[in-house]
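Asker: Here it is: the structure, laid out below.
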Amino acid sequence: WYTLLTGQTFIYESKMELDKSRFSFCLLYNQRSTITFLFFLIGSMHGLIGVDAMCYKQAQAIKMKGTFRAFLSSRLQDLYSIVHSAQRNAVPIVNLKDEVLFDSWINIFKGGKINENVSIYSFDGKDVLRDDTWPEKMVWHGSSHEGQRNVNNMCESWRVNDQAVTGMAASLLQGSFMQQRPSSCSSSHVVLCIENSVTEY
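The letter at position 7 of the sequence shown is residue 7 when you use full-length UniProt numbering, and the numbering goes up by one with no holes.
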């Protein structure tokens, strides 16, 4: 499984099986995950390395064993390439409750939407789609709809929070991460973290 998370209270509770691997989405500061997680940041994030480090630290804090990366494109990285090519079609993407968000990683970039009645949770177990902690329900990613880097819309490689500079972001309420639009880098949006290696817990 790959897990998707957000949040802030650390509750560890993941069930992984070697013969039924999944990736998880997580919200930075959230509960348990295997492919991604979320946190609330303006466009200035100290670059991709800084955000990846935040993902790693949050995962370590809840004793996750996998490698977590930010769900972001950069000048040197396309979003779709975060997950190894051999796993893009075969591994489902789940939330902290092991509920399937997307049937596969590649499904995100083929117009797929979050499965009905499935939500994204923060590291502290909050429902990102319903909790007022995240009023705008927008997620940064800096990418085209196919997951390729959009170098003109990634807040200067995620280093500035200037209102006049933009980064690509998408509404979580639309269900599709790739229905994006430019958003001011002074805005506070969610950042997802993804576990880009399948791990048994």
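We treat Cβ as the ideally placed atom computed from N, Cα and C, and that holds for glycine. If you're wondering where the values come from, they're calculated on a predicted model, not measured in any experiment.
#1: Could you pull the start and end residues of the beta strand (DSSP E) that Asn-107 belongs to?
#2: Would DSSP call Glu-99 helix, strand or coil?
#3: According to the neighbour-count rule (16 or more other Cβ atoms, all chains shown, within 10 Å of its Cβ), is Ala-164 buried or exposed?
#4: Can you give the Cα-Cα distance for Gly-112 and Ser-143, rounded to whole angstroms?
#5: For Gln-60 and Leu-96, I'd like the C-alpha separation in whole angstroms.
#6: Starting from the Cα of Trp-158, find the closest Cα among Ser-81, Pro-92, Phe-71 and give me that residue.
#7: With DSSP as the reference, please indicate the residues paired to Asp-52 in a beta bridge.
#8: Just checking, does the region 131-148 make contact with the region 72-90 on the three C-beta pairs under 8 Å criterion?
#9: State the CB to CB distance for the pair Asn-161 and Ser-186, rounded to an integer number of angstroms; the pair is presumed to be in contact (CB under 8 Å).
Answerer: Quick answer:
#1: The count along the sequence shown starts at 1 and reaches residue 107 at position 107. Boundaries for Asn-107: no beta strand (DSSP E) harbours it, while the alpha helix (DSSP H) harbouring it runs 105-108, taken from the DSSP string.
#2: Along the sequence shown, one-based indexing puts residue 99 at 99. Per DSSP, reduced to three states, the secondary structure at Glu-99 is coil, with no helix or strand assignment.
#3: As a working note, residue 164 is residue 164 in the sequence shown. With fewer than 16 Cβ atoms within 10 Å of its Cβ, Ala-164 is classed as exposed.
#4: Here the question's residue 112 lines up with position 112 in the sequence shown. Here the question's residue 143 lines up with position 143 in the sequence shown. If I take the Cα positions, the gap works out to 16 Å.
#5: In the sequence shown, the residue the question calls residue 60 occupies position 60. In the sequence shown, the residue the question calls residue 96 occupies position 96. Cα-Cα distance, rounded: 15 Å.
#6: On the sequence shown, residue 158 is found 158 positions in, with the first residue counted as 1. When each option's Cα is compared against that of Trp-158, the closest is Phe-71.
#7: For the purposes of this step, residue 52 is taken as residue 52 along the sequence shown, with counting starting at 1. None, per the DSSP bridge assignment.
#8: yes
#9: As a position in the sequence shown, residue 161 is number 161, starting the count at 1. As a position in the sequence shown, residue 186 is number 186, starting the count at 1. Contact holds; Cβ gap of about 5 Å.
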